[in-house]
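Q: Numbering (this note's numbering), first residue to last: 161 to 502.
(1) Is it right to say residue 472 is buried, meaning 16 or more other beta carbons lie within 10 angstroms of its own, or is it exposed?
(2) By the DSSP assignment, the alpha helix (DSSP H) with residue 435 in it spans what residues?
(3) In whole angstroms, what separates the C-alpha of residue 413 from that of residue 216?
(4) Please list, in chain order, all residues of the same chain as residue 191 whose beta carbon is under 7 Å from its beta carbon, the five residues on each side excluded.
(5) Closest to residue 415 by C-alpha separation, out of 223, 240, 233, 235, would be which residue?
(6) Give the DSSP-derived three-state secondary structure of residue 354 in the structure shown.
(7) So which of 441, 444, 431 has the shortest CA-CA distance to residue 484?
(8) When the distance is taken between beta carbons, is residue 425 closer than 9 Å to residue 220?
(9) Would you call the segment 205-212 and the segment 324-343 in contact, with 3 or more CB pairs under 8 Å?
(10) Can you tell me whether residue 333 is buried or exposed? The criterion is at least 16 other CB atoms within 10 Å of its CB, across all chains shown.
(11) Per DSSP, which one or two residues make a beta bridge with residue 276?
(12) Contact between the segment 261-270 and the segment 318-327 is defined here as three or more beta-carbon pairs at a separation below 8 Å; is this criterion met?
(13) Between the alpha carbons of residue 419 and residue 366, how many angstroms are there, rounded?
(14) The alpha helix (DSSP H) spanning residue 447 covers which residue range?
(15) Per DSSP, which one or two residues make a beta bridge with residue 402?
(16) Rounded to a whole number of angstroms, what is the C-alpha to C-alpha distance between residue 501 and residue 316?
(17) Tell me which same chain residues have a C-beta within less than 7 Å of the C-beta of residue 359, skipping the five on either side of it?
(18) Looking only at C-alpha atoms, which of 400, 421, 300 sits nearest to residue 386?
(19) I'd like the list of long-range same chain contacts for residue 369, defined as Cβ closer than 7 Å, with 5 residues on each side in sequence excluded.
(20) Compare the Cα-Cα distances from residue 404 to each of 172, 381, 423, 461 and report the closest residue.
(21) Is it buried or exposed for residue 408, if we count other Cβ within 10 angstroms and need 16 for buried?
(22) Can you check which of these residues, 244, 282, 450, is closest to residue 179 by C-alpha distance?
(23) Tell me, please, whether the segment 473-480 touches the segment 191-202 by the rule of three or more beta-carbon pairs shorter than 8 Å.
(24) Pick from 320, 434, 373, 278: whose alpha carbon is nearest that of residue 298?
(25) Would you say residue 429 and residue 245 are within 9 Å of each other, going by their C-beta atoms?
(26) Mind listing, in chain order, the continuous alpha helix (DSSP H) runs of no fewer than 4 residues lying wholly within the segment 187-270?
(27) Roughly how many whole angstroms lie between the Cα atoms of residue 251 and residue 263?
(28) With respect to 8 Å, is the separation between the Cβ of residue 427 and the closest non-hydrogen atom of the ligand MG below this value?
(29) Determine the direct distance from the alpha carbon of residue 197 to that of residue 230, and round the result to whole angstroms.
(30) Take the Cβ of residue 183 as the centre, count every other Cβ of all protein chains shown within 10 Å, and call the residue buried at 16 or more, exposed below.
Structure, rendered in structure tokens:
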């Protein structure tokens, strides 16, 4: 009876988790220099869609324009990026059987940031494509360095990720030497991870790439359970590990690079959120992936709401995620060390 009650309680919490992004979305939209009530937020959204309101709110046209052109795309993008980084981190951790990997620790974020900055500075391809290509390059190099006899240990992947991240960070700094001084401040602020430059064009430009990544991972998320058992076990169950690993890594890298291309480097979201979801609901990727998506979207939106409202000036959200995620990373590192480095 006690087990049944616990299982029922967990299921209830799980269902609630899926709906948490809705109130977070509405509350985030209501908070800002121009305070709005939840009914006013709903009315503006419906007014922009249909020309009608539900609660009969009366608002100035300037307030509606500021809300629709500045606050709404920013909150939508923060949810998309939070979901993308969390799903990307969960996928990398499962496919590599490594609890400490995520886009930032693998060097994927730094590679994507370098590619995006290269495109911004010299019109090299489009920002999204350039970010993805260099993100894929970083993951290939990282895994090649760490791999030994077909396997990559926990510590070797992290060390390889640090090396790759350092190289691309240095290259990113070198790019800043050649950038137009008028663009330099914006580029430096962007590399810290920020949503302050969000526009509808950025949202629409990234959503297509993210949709591909989300779709692939959702379709093959049950394969992650098999891949996490090991290559030999996967083959015995009729799954070709090389093919599915390639698909998952491609999709996870696409999600991470799409996020970095529009916001810069936002670290440790992909590490912390999947582990919290695992601790609460277990390691089954069929549930872990959608839960990470919902929780990640809510988490980053909440953090960004604080980042843009705590002070009279805006602080890059990447600073907050690093401060919050670093202690979590240290705790995980200690657990892995105590269990052995392999």
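Ideal Cβ placement from N, Cα and C applies to all residues, glycine included.
A: Let me spell this out:
(1) Burial call: exposed.
(2) Here the alpha helix (DSSP H) through residue 435 covers 429-441.
(3) For the pair residue 413 and residue 216, the Cα-to-Cα distance works out to about 45 Å.
(4) Contacts found: 465, 469.
(5) Closest option to residue 415, Cα to Cα, is 240.
(6) The answer is coil: DSSP assigns residue 354 none of H, G, I, E or B.
(7) Of the residues 441, 444, 431, the one whose Cα lies closest to the Cα of residue 484 is 431.
(8) Taking 9 Å as the Cβ cut-off, residue 220 and residue 425 do not qualify as a contacting pair.
(9) Contact fails: fewer than three Cβ-Cβ distances are below 8 Å.
(10) Its Cβ having fewer than 16 others within 10 Å, residue 333 is exposed.
(11) When beta bridges are read from the DSSP output, residue 276 appears opposite no residue.
(12) The way I'd put it, the segment 261-270 does touch the segment 318-327; three or more beta-carbon pairs between them come closer than 8 Å.
(13) Rounded to the nearest whole angstrom, the CA to CA distance from residue 419 to residue 366 is 7 Å.
(14) From DSSP, the alpha helix (DSSP H) with residue 447 extends over 445-469.
(15) In DSSP, residue 402 forms no bridge with anything.
(16) Because the pLDDT of residue 501 is 44, which lies under 50, any placement of that residue in the model is unreliable, and the number read from its coordinates should be weighed accordingly. When only Cα atoms are considered, residue 501 and residue 316 end up about 9 Å apart.
(17) The residues are 233.
(18) For residue 386, the nearest C-alpha among the options comes from 400.
(19) Cβ contact annotation for residue 369 (same chain, cutoff 7 Å, sequence separation greater than five): 288, 414, 418, in chain order.
(20) Among 172, 381, 423, 461, the Cα nearest to that of residue 404 is on 381.
(21) When all chains shown are included, residue 408 counts as buried.
(22) With distances taken between Cα atoms, residue 179 lies closest to 450.
(23) The segment 191-202 and the segment 473-480 do not touch, with fewer than three beta-carbon pairs separated by less than 8 Å.
(24) In this structure, 320 is the residue among 320, 434, 373, 278 with its C-alpha nearest to the C-alpha of residue 298.
(25) Result yes, Cβ atoms of residue 429 and residue 245 sit closer than 9 Å.
(26) If we require 4 residues or more, the alpha helix (DSSP H) runs fully inside the segment 187-270 come out as 198-210, 221-226, 232-255.
(27) Our two residues, residue 251 and residue 263, have alpha carbons roughly 10 Å apart in a direct line.
(28) You won't find the ligand MG in this model; it holds no ligand whatsoever.
(29) When rounded, the distance between both Cα atoms is 17 Å.
(30) By the 16-neighbour rule on beta-carbons within 10 angstroms, residue 183 is exposed.
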